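In UniProt numbering, the protein residues as written are 2 to 214. For glycine and all other residues, C-beta sits at the position ideal for the given N, C-alpha and C. This one's a predicted model, so the numbers in the text were calculated from it and none came from an experiment. Working notes, structure below.
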Ligand code: Z5A
Ligand code: MG
């Protein structure tokens, strides 16, 4: 009936360092959600397909220079341009798996020296992730995992600073932040991720989508 509480989708963020296995785990999570008949969509950030995303891609692949605040705001704008769509899907009962989100946005800019408060500000008000699975990986293990690629931030010193900043940002998220040891096998990580997600998908039923603050 129309008075029954509406089921909404869960907003699940997968975060972590380079080579932590975010994209691998996002895909496995999508497969598992499909097996369990949970309607779900995958959304990767940056979304390089939009006009803003194309500017970000040019920056990351090092062909373009952009002033630090400018690129920071573009990453945030890339999330804002998709936010209404994300909110609508969630309210229509679709679970969304995010491959990186505001947390990457904050820490990669803060690693360059911008203040954490400044870095958070443009993302305030975006749909808040119901849970963040932070795939934690030692920089050394990441390097052995096939080495860093050729993009702008794929440098060990940057990755170390980023890891410390992720820890700091995660503390503000309290119970929503889950640290997952990503140094284990793909299958082991998959099961830990699923254990958390299965619970959260049920917990959010009848709860409003929060706003990042
Ligand atoms: N950035 C930003 O500055 N501001 C923002 O707001 C946002 C992002 C959203 C590009 O992002 C850059 O943008 C990124 C942050 C910045 N810069 N850095 N660093 P991206 O998401 O496009 O970054 P990426 O370079 O594509 O991340 P990645 O390399 O794709 O990492 P991953 O997705 O975590 O890893 P993977 O592709 O799943 O796995 C990597 C390899 O490890 C692969 O060969 C796997 O088969 C292997 N793997 C995966 N899991 C395991 C386990 N458990 N054991 C062994 N091997 C494994
Ligand atoms: Mg990836």
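> To which residues of the same chain is residue 179 closer than 8 Å at the C-beta, ignoring the five residues directly before and after it?
Replying inline: The count along the chain shown starts at 1 and reaches residue 179 at position 178. Cβ within range, chain order: 132, 133, 134, 135, 197.
> Any contact of the segment 53-64 with the segment 146-157, i.e. 3+ C-beta pairs under 8 Å?
Replying inline: yes
>> For residue 9 and residue 121, I'd like the C-alpha separation in whole angstroms.
In response: Position 8 of the chain shown, counted from the first residue, corresponds to residue 9. Position 120 of the chain shown, counted from the first residue, corresponds to residue 121. The alpha-carbon atoms of residue 9 and residue 121 are separated by roughly 26 Å.
> With a cut-off of 8 Å, do at least 3 Cβ pairs link the segment 24-31 to the segment 86-100?
Replying inline: yes
> CB-CB under 8 Å to residue 201, same chain, minus the five flanking residues each way: which ones, in chain order?
Replying inline: Numbered from its first residue, the chain shown carries residue 201 at position 200. 11, 13, 131, 132.
> If residue 53 sits next to residue 92, beta carbons under 8 Å apart, how far is it from one beta carbon to the other, in whole angstroms?
Replying inline: Residue 53 sits at position 52 when you count from the first residue of the chain shown. Residue 92 sits at position 91 when you count from the first residue of the chain shown. Contact doesn't hold; Cβ gap of about 24 Å is too wide.
> By Cβ distance, which residues of its chain are closer than 8 Å to residue 71, with the 5 residues on each side in sequence left out?
Replying inline: Within the chain shown, residue 71 is the residue found at index 70, counting from 1. Cβ within range, chain order: n/a, list empty.
> Nearest to residue 107 by CA position, among 206, 156, 167, is which residue?
Replying inline: Here residue 107 corresponds to residue number 106 of the chain shown, with the count starting at 1. Selected option, being the one with the closest Cα: 167.
> Where does residue 183 fall in DSSP's three states?
Replying inline: The residue labelled residue 183 in the question sits at position 182 within the chain shown. Coil at residue 183, not helix or strand.
>> Check this for me: beta carbons of residue 256 and residue 213, under 8 Å apart or not?
In response: The requested residue 256 does not occur in the structure, where the chain is confined to residues 2 to 214.
>> Checking the sheet assignment: what are the DSSP bridge partners for residue 128?
In response: Residue mapping note: residue 128 aligns to position 127 of the chain shown, counting from 1. Per DSSP, 212.
>> What I want to know is whether the C-beta of residue 47 ends up closer than 7 Å to one or more non-hydrogen atoms of the ligand Z5A.
In response: Position 46 of the chain shown, counted from the start, is the residue given in the question as residue 47. True, at least one ligand heavy atom lies under 7 Å from that Cβ.
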